[in-house]
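Colleague: When you line the sequence shown up against the working numbering, it's residues 9 to 424, in that order.
Note that CB positions come from ideal geometry on N, CA and C, so glycine has one too.
First the structure, then my questions, so here it is.
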Amino acid sequence: MASAPVHHRPIAIAQVIKFADAATLAAIARESDQQRNADERRLLVRAIGSLPPEQALAEAPKFLRDMDPLVQAAAVRALADTNRVAAMEFLVDRATNEAPCRDLPLNAEQLVLNMSLYGAFRTLADLRPHVGSEVQTWWASNRGRMTRATPASGPDERFFSGPDQQGRVGLSVFEITFMPPAAARDFGAALERRKIKDAHELAFQVGQCVREITRDSEGVFGGTPHLPVVRLEMKTDATIGGGGLSHGHVGFAGACRITLHAALFGGDWGRTVRHELVHIIHGAHFRNQPRWLAEGLACSLSESPTKSVWLGPDRAKLLGSAPIQQMLSRGAFTNVVQWTRPVSSDRSDEGPYYVASHVAIDYLRFGPFTSPDVRLRYLMSQLDRGVRDADAIEVVYGISLAELDTGPAHWLALSR
Ligand SMILES: [Zn+2]
Numbered sequence: 009m010a011s012a013p014v015h016h017r018p019i020a021i022a023q024v025i026k027f028a029d030a031a032t033l034a035a036i037a038r039e040s041d042q043q044r045n046a047d048e049r050r051l052l053v054r055a056i057g058s059l060p061p062e063q064a065l066a067e068a069p070k071f072l073r074d075m076d077p078l079v080q081a082a083a084v085r086a087l088a089d090t091n092r093v094a095a096m097e098f099l100v101d102r103a104t105n106e107a108p109c110r111d112l113p114l115n116a117e118q119l120v121l122n123m124s125l126y127g128a129f130r131t132l133a134d135l136r137p138h139v140g141s142e143v144q145t146w147w148a149s150n151r152g153r154m155t156r157a158t159p160a161s162g163p164d165e166r167f168f169s170g171p172d173q174q175g176r177v178g179l180s181v182f183e184i185t186f187m188p189p190a191a192a193r194d195f196g197a198a199l200e201r202r203k204i205k206d207a208h209e210l211a212f213q214v215g216q217c218v219r220e221i222t223r224d225s226e227g228v229f230g231g232t233p234h235l236p237v238v239r240l241e242m243k244t245d246a247t248i249g250g251g252g253l254s255h256g257h258v259g260f261a262g263a264c265r266i267t268l269h270a271a272l273f274g275g276d277w278g279r280t281v282r283h284e285l286v287h288i289i290h291g292a293h294f295r296n297q298p299r300w301l302a303e304g305l306a307c308s309l310s311e312s313p314t315k316s317v318w319l320g321p322d323r324a325k326l327l328g329s330a331p332i333q334q335m336l337s338r339g340a341f342t343n344v345v346q347w348t349r350p351v352s353s354d355r356s357d358e359g360p361y362y363v364a365s366h367v368a369i370d371y372l373r374f375g376p377f378t379s380p381d382v383r384l385r386y387l388m389s390q391l392d393r394g395v396r397d398a399d400a401i402e403v404v405y406g407i408s409l410a411e412l413d414t415g416p417a418h419w420l421a422l423s424r
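Dropping the structure here:
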């Protein structure tokens, strides 16, 4: 690995992940240079979870105190992959006594760790703790019995609870809160328009979104994301404006929170929920992700799950607008990497950026590259460590940003 050209590393790592057993993956990760092979180590440790549970239980715990917090998070997810409640033993003492994700800024190292940890608690033991001490209490009375809090899997209605006195409704992955409580009325009206007859049916449909996006993001993130409980805030036009967030938009995501406009909760709402969930999964895995990659990935995984929507029958209509044509012909990647503006109240001119970013990520996923999922994860890992977009692209794809630019237009034209 050390002597090959640097852009061959993702290919090499893809092969190792595919064929090595857990002990080999762990040995390579241990012997690799922590700085120079930081990306490879993250990928190797995450892949331990795809092997038989006995192997993963033996190897993954060795990385729970790694120097790299993202290697620690990868080890936590690998343990969650085992789906064995015995894996709790290695994780219980990591539960902090704060709320899992509250008040943690995006890009915080602790956020990545907590999202993986509380996601593992949910997967392994169906725990939805509000503070870490609940995990330790559960462990104290269950450690000998090795039973789950509730059955391992099943339709989301099984977990349906509420609404409680604050109007909160609980689902497997979501806790829905209405702000103000009267927003439930707007929401009810919107649901009626969508012909959703009651909260249980909503629970089932939201659960369906979670299952779909979990499945569709596995390749890019190297396994099941193992999400903790996500807060779904339903707001009105009056309450959605808080915190500099915009009016008139259907939804946006925070660290562990999705905000939706109750009255606008119509149309293709499932797509909105899936899109925002990708942002949460992405933020739970990597820090410092640029806007183009975040939005491109959210659009790509939610709208092009298994093949690019840009190659489908609607492509002419979808790509027809002049600003989009212009952006693609001038170079999709050069344009989108300049999209550094944070989410603001004025997004009227950002439409073409969303489209071009979606095209760019679809091209990286479905274009001419070998091991595209591993490469994309490698790219996200490079960016996480502060490597500049253009440099990371060159490392991962072996070509310059300018060379990559000619790809999408060519790719779209080829399949006309
Ligand atoms: Zn978005």
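Closer than 6 Å from C-beta to any heavy atom of ligand 1: which residues, in chain order?
Modeller: Selection output, chain order preserved: His283, His287, Glu303 and Ala306.
Colleague: So, does the segment 274 to 290 touch the segment 55 to 65, judging by three or more C-beta pairs under 8 Å?
Modeller: No, they do not touch.
Colleague: Taking one C-beta from the segment 188 to 201 and one from the segment 264 to 273 each time, how about it: are there three or more such pairs within less than 8 Å?
Modeller: A contact exists between the segment 188 to 201 and the segment 264 to 273.
Colleague: Three or more beta-carbon pairs under 8 Å between the segment 238 to 245 and the segment 126 to 140, yes or no?
Modeller: Not touching, per the Cβ criterion.
Colleague: Could you tell me which of Pro69, Val24, Ala94 and Arg73 sits nearest to Leu51, measuring between CA atoms?
Modeller: By 1-based counting over the sequence shown, the position of residue 51 is 43. Measuring from the Cα of Leu51, the nearest candidate turns out to be Val24.
Colleague: When DSSP builds the beta bridges, which residues end up paired with Phe182?
Modeller: Sequence index remark: in the sequence shown, residue 182 carries index 174 (1-based). BP columns for Phe182 point to Val238.
Colleague: For the structure I just gave you, are there three or more beta carbon pairs, one from the segment 361 to 368 and one from the segment 296 to 304, closer than 8 Å?
Modeller: Contact holds: three or more Cβ-Cβ distances are below 8 Å.
Colleague: In this structure, what does DSSP give as the bridge partners for Met187?
Modeller: Locating residue 187 in the sequence shown gives position 179, counting from the first residue. Answer is Lys243.
Colleague: When the Cα atoms are used, what is the spatial distance from Ala417 to Leu336?
Modeller: Along the sequence shown, one-based indexing puts residue 417 at 409. Along the sequence shown, one-based indexing puts residue 336 at 328. In a straight line, the C-alpha of Ala417 is about 6 Å away from that of Leu336.
Colleague: Pick out whichever of His287, Thr131, Leu327 and Arg265 has its Cα sitting closest to the Cα of Thr185.
Modeller: Position 177 of the sequence shown, counted from the first residue, corresponds to residue 185. Of the listed residues, the one whose Cα sits closest to Thr185 is Arg265.
Colleague: Quick check on Val367: buried or exposed, where buried means 16 or more other Cβ atoms within 10 Å of its Cβ?
Modeller: If you number the sequence shown from 1, residue 367 lands on position 359. Val367 should be labelled buried.
Colleague: Which residue from Phe71, Leu420 and Ala398 puts its Cα closest to that of Glu411?
Modeller: Counting from 1 along the sequence shown, the entry for residue 411 is found at position 403. Nearest of Phe71, Leu420 and Ala398 to Glu411, Cα basis: Ala398.
Colleague: Considering only the beta carbon of each residue, do Pro113 and Tyr126 sit closer than 8 Å?
Modeller: Here residue 113 corresponds to residue number 105 of the sequence shown, with the count starting at 1. Here residue 126 corresponds to residue number 118 of the sequence shown, with the count starting at 1. Cβ distance not < 8 Å, so Pro113 and Tyr126 don't count as in contact.
Colleague: Extract the residue ranges of the alpha helix (DSSP H) inside the segment 380 to 417, only unbroken runs of 4 or more that lie entirely within it.
Modeller: Runs found: 380 to 392 and 397 to 405.
Colleague: Hey, is the segment 66 to 74 in contact with the segment 84 to 94, meaning 3+ C-beta pairs nearer than 8 Å?
Modeller: As far as the Cβ criterion goes, the segment 66 to 74 touches the segment 84 to 94, which means the pair count is three or higher.
Colleague: Determine the burial state of Leu420: buried for a count of at least 16 other Cβ atoms within 10 Å of its Cβ, exposed for fewer.
Modeller: Here residue 420 is taken as the residue at index 412 of the sequence shown, counted from 1. Buried.
Colleague: With distance defined between alpha-carbon atoms, name the residue in Ala400, Ser310, Gly152 and Val93 nearest to Glu226.
Modeller: Taking the first residue of the sequence shown as 1, we reach residue 226 at position 218. For the residues Ala400, Ser310, Gly152 and Val93, the minimum Cα distance to Glu226 belongs to Ser310.
Colleague: Would you say Arg130 and Val237 are within 8 Å of each other, going by their C-beta atoms?
Modeller: As a first step, residue 130 must be located in the sequence shown, where it is residue number 122. As a first step, residue 237 must be located in the sequence shown, where it is residue number 229. Their beta carbons are under 8 Å apart, which means Arg130 touches Val237 by this criterion.
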